[in-house]
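**Student:** One structure follows; several queries about it will come next.
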Amino acid sequence: MDAIYLIEGQSNVKNNEKLNDLLSSISTEYDLQIHDLEDESLALLLEDLNMIPFLTDLKVVVAKNPQFLYKPSSYDEKLIEAFLKYIKNPIPTTTFIIMVNSLQDIDSKIRKEIEGIATKICVDIPKEAEIKPYITSYLEKRGYKYDETAVDELIFRIKGNLERVDTELEKLTTYKYEDKQIKVADVRMLVSKDLEDNIFDLVNAVTEGNKRKAMEIYDDLMVLNEDESRIISLLINKFNEIYQTKTLVEKGYSKNDIANIFNYKPGRVYYMMKAASLISFDRIKKNINELIDIDYKIKSGQVDKTIALETYLLK
143 MDAIYLIEGQ SNVKNNEKLN DLLSSISTEY DLQIHDLEDE SLALLLEDLN MIPFLTDLKV
203 VVAKNPQFLY KPSSYDEKLI EAFLKYIKNP IPTTTFIIMV NSLQDIDSKI RKEIEGIATK
263 ICVDIPKEAE IKPYITSYLE KRGYKYDETA VDELIFRIKG NLERVDTELE KLTTYKYEDK
323 QIKVADVRML VSKDLEDNIF DLVNAVTEGN KRKAMEIYDD LMVLNEDESR IISLLINKFN
383 EIYQTKTLVE KGYSKNDIAN IFNYKPGRVY YMMKAASLIS FDRIKKNINE LIDIDYKIKS
443 GQVDKTIALE TYLLK
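Residue 449 in my numbering sits at position 307 of the sequence shown; the count goes up by one each step and never skips.
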């Protein structure tokens with residue numbers, strides 16, 4: 143094992159997986175100490191680093207969320223100096239693992255010292271522009287065939303949430319292990335939509351009076367363990383958004399104007415404008431007031447949140 147490792151990646155899930163891989167590669171018995179610097183002090187980390195292992199030949203010290211690396215001026219100068227001193231002369235019986243999301247955001251002086259000695263492990267997930275070739279490569283390497291529409295549907299459903307990519311691919315490949323053929327129907331069955339898309343679809347179902355569709359979406363959200371109170375809050379926000387969209391349309395604003403105001407893509411605004419055209423201002427207000435009333439009754443203990451939301455959707 144090297145004296146110091148730096149694990150860098152935007153995904154904390156991936157970083158933790160790489161940490162576990164690194165720990166599992168250690169062939170000797172070791173003492174493990176993990177410090178989350180959001181909750182623990184830098185002084186405690188330094189004390190642990192400078193203490194030799196007692197019952198084992200090796201000690202592994204892990205620093206998660208090391209905020210002091212980004213804003214050292216917010217910490218005691220002597221503690222920062224002590225950290226840099228350790229970096230330059232680490233204890234041979236200790237392996238120090240630092241976990242960060244972005245090396246470039248670290249204070250330049252500290253970054254220079256760490257880069258000079260640490261073994262860097264980059265665990266970044268692919269950028270959005272690279273997502274399709276990443277998915278196809280993942281499937282091809284494992285011997286899976288796929289429909290282009292299935293890949294496009296997967297990209298649509300994860301909505302830029304790149305941390306979901308490997309999780310959803312693993313789910314799909316496990317389910318289709320026997321025939322190794324990924325079809326669009328498999329993606330639609332196994333990969334849930336982004337929460338905001340589900341809420342928008344739920345609002346559309348309510349405005350259209352499609353009770354069956356509303357309950358199907360609601361059931362999907364329950365499978366994902368979404369809280370009813372959060373769903374109500376998001377519904378209120380979405381109805382407010384449609385109200386604002388309807389107001390802007392009546393004032394003569396174009397699709398691109400509205401997209402700039404909301405900071406949404408024009409394609410999304412198209413559906414917002416369509417939803418706004420199907421419902422009156424009075425009905426929007428009525429839905430918002432009903433949801434606010436339901437939210438109050440839930441929080442004051444007057445009604446059960448599940449029954450209240452289901453009753454609203456079935457009205």
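From the three backbone atoms N, C-alpha and C, an ideal C-beta is built for every residue, glycine too.
1. Can you tell me whether Ala185 is buried or exposed? The criterion is at least 16 other CB atoms within 10 Å of its CB, across all chains shown.
2. According to the neighbour-count rule (16 or more other Cβ atoms, all chains shown, within 10 Å of its Cβ), is Ala347 buried or exposed?
3. Please report the residue range of the alpha helix (DSSP H) in which Lys428 lies.
4. Inspect the beta-carbon positions of Leu433 and Ile373 and report whether they are closer than 7 Å.
5. Apply the 10 Å Cβ neighbour rule to Pro232 and answer buried if 16 or more other Cβ atoms are within range, or exposed otherwise.
6. Which residue's Cα is closest to the Cα of Val204: Glu171, Ala224 and Ile240?
7. Take Tyr288 as the anchor and find which of Glu272, Tyr454 and Leu314 has the nearest alpha-carbon.
8. Which residues share a DSSP beta bridge with Ile373?
9. Using the Cα positions of Ile449 and Glu370, report the straight-line distance between them to the nearest angstrom.
10. Tell me whether the region 260-267 and the region 146-156 touch, counting them as touching only if at least three CB pairs, one residue from each stretch, are closer than 8 Å.
11. Would you grab the beta carbon distance between Leu221 and Val242 for me? Rounded to a whole angstrom, and I think it's under 8 Å.
12. Would you kindly report the start and end of the unbroken beta strand (DSSP E) that includes Thr235?
13. Looking at the secondary structure, which residues open and close the alpha helix (DSSP H) in which Leu161 lies?
14. Tell me whether the region 279-298 and the region 245-261 touch, counting them as touching only if at least three CB pairs, one residue from each stretch, are closer than 8 Å.
15. Taking the runs of the alpha helix (DSSP H) that are 4 residues or longer, which of them lie wholly in the region 290-335?
16. Measuring alpha carbon to alpha carbon, tell me which residue in Ile300, Asp437, Asn352 and Glu452 is nearest Met364.
17. Considering only C-alpha positions, which residue in the set Tyr228, Ser244, Tyr217 and Gly285 is nearest to Ser475?
18. Can you tell me whether Ala260 is helix, strand or coil according to DSSP?
19. Could you give the DSSP three-state label for Ala378: helix, strand or coil?
20. According to the Cβ coordinates, are Thr349 and Leu420 closer than 7 Å?
21. State the Cα-Cα distance for the pair Ser375 and Ile384, rounded to the nearest angstrom.
22. Looking at the secondary structure, which residues open and close the alpha helix (DSSP H) in which Glu223 lies?
23. List the whole-angstrom C-beta distance separating Lys335 from Arg299, where the pair is believed to meet the contact cut-off of C-beta under 8 Å.
24. Provide the residue span of the alpha helix (DSSP H) that contains Leu187, from first to last.
25. Roughly how many angstroms separate the alpha carbons of Phe238 and Ile359, rounded to a whole number?
26. Buried or exposed: where does Ile426 fall if 16 or more other Cβ atoms within 10 Å of its Cβ makes it buried?
27. Would you mind sorting Glu295 into buried or exposed? The rule is 16 or more other CB atoms within 10 Å of its CB.
28. What is the rounded straight-line gap between the Cα of Asp446 and the Cα of Asn429?
29. Using DSSP with H/G/I as helix, E/B as strand and the rest coil, what is Met364?
30. What is the DSSP secondary structure of Asp446, reduced to helix, strand or coil?
31. For Gly351 and Ala327, I'd like the C-alpha separation in whole angstroms.
**Tutor:** Reading it off the structure:
1. Taking the first residue of the sequence shown as 1, we reach residue 185 at position 43. Classification for Ala185: exposed.
2. Along the sequence shown, read from residue 1 onward, the residue named residue 347 stands at position 205. By the neighbour-count rule (16 or more Cβ atoms within 10 Å), Ala347 is buried.
3. Walking along the sequence shown from the start, residue 428 turns up at place 286. Segment Phe423 to Lys441, the alpha helix (DSSP H) holding Lys428.
4. Residue mapping note: residue 433 aligns to position 291 of the sequence shown, counting from 1. Residue mapping note: residue 373 aligns to position 231 of the sequence shown, counting from 1. Contact: no.
5. Reading the sequence shown from its first residue, position 90 is the one you call residue 232. Per the 10 Å Cβ criterion, buried.
6. Within the sequence shown, the letter at position 62 stands for residue 204. Nearest option by C-alpha distance: Ile240.
7. In the sequence shown, counting from the first residue as 1, residue 288 sits at position 146. Minimum Cα distance to Tyr288 is reached at Leu314.
8. Start at 1 with the first residue of the sequence shown, and residue 373 comes out as number 231. DSSP output for Ile373 lists no bridge partner at all.
9. Stepping through the sequence shown from its first residue, residue 449 is reached at position 307. Stepping through the sequence shown from its first residue, residue 370 is reached at position 228. The straight-line gap from Cα to Cα measures roughly 10 Å.
10. yes
11. Taking the sequence shown and counting its residues from 1, the one referred to as residue 221 is at position 79. Taking the sequence shown and counting its residues from 1, the one referred to as residue 242 is at position 100. Going by Cβ atoms, the distance from Leu221 to Val242 rounds to 18 Å, so no, they are not a contact pair.
12. Here residue 235 refers to the residue found at position 93 when the sequence shown is read from its first residue. It is not in any beta strand (DSSP E) - Thr235 carries neither H nor E in the DSSP assignment.
13. The residue labelled residue 161 in the question sits at position 19 within the sequence shown. Per DSSP, Leu161 belongs to the alpha helix (DSSP H) from Asn154 to Ser166.
14. no
15. 290-300, 307-317 and 326-332
16. Position 222 of the sequence shown, counting from 1, holds the residue named residue 364. The shortest Cα separation from Met364 among Ile300, Asp437, Asn352 and Glu452 belongs to Glu452.
17. Examination of residue 475 is not possible in this model, given that the chain is present from 143 through 457 alone.
18. On the sequence shown, position 118 is the one that residue 260 refers to. The answer is coil: DSSP assigns Ala260 none of H, G, I, E or B.
19. By 1-based counting over the sequence shown, the position of residue 378 is 236. The identity of residue 378 in the sequence shown is Ile, whereas the question assumes Ala. In this structure, Ile378 counts as helix in the three-state DSSP scheme.
20. Position 207 of the sequence shown, counted from the start, is the residue given in the question as residue 349. Position 278 of the sequence shown, counted from the start, is the residue given in the question as residue 420. Against a cut-off of 7 Å, the Cβ pair of Leu420 and Thr349 comes out as a contact.
21. On the sequence shown, position 233 is the one that residue 375 refers to. On the sequence shown, position 242 is the one that residue 384 refers to. One C-alpha to the other measures close to 14 Å.
22. Within the sequence shown, numbered from 1, the residue matching residue 223 stands at position 81. Its alpha helix (DSSP H) spans residues Glu219 to Lys230.
23. Here residue 335 refers to the residue found at position 193 of the sequence shown. Here residue 299 refers to the residue found at position 157 of the sequence shown. Right, their Cβ atoms sit about 5 Å apart.
24. Taking the sequence shown and counting its residues from 1, one reaches residue 187 at position 45. Element bounds for Leu187: Leu184 to Leu191.
25. Position 96 of the sequence shown, counting from 1, holds the residue named residue 238. Position 217 of the sequence shown, counting from 1, holds the residue named residue 359. Straight-line Cα distance between these residues: approximately 47 Å.
26. As a first step, residue 426 is located in the sequence shown; it is residue number 284 there, counting from the start. Buried, since its Cβ has 16 or more Cβ neighbours within 10 Å.
27. Counted from its first residue, the sequence shown places residue 295 at position 153. When all chains shown are included, Glu295 counts as buried.
28. In the sequence shown, residue 446 corresponds to position 304, counting from 1. In the sequence shown, residue 429 corresponds to position 287, counting from 1. Looking at the two C-alpha atoms, the distance is approximately 19 Å.
29. On the sequence shown, residue 364 is found 222 positions in, with the first residue counted as 1. In this structure, Met364 counts as helix in the three-state DSSP scheme.
30. Position 304 of the sequence shown, counting from 1, holds the residue named residue 446. Reduced to three states, the DSSP call for Asp446 is coil.
31. Taking the sequence shown and counting its residues from 1, one reaches residue 351 at position 209. Taking the sequence shown and counting its residues from 1, one reaches residue 327 at position 185. Each residue's alpha carbon lies about 26 Å from the other.
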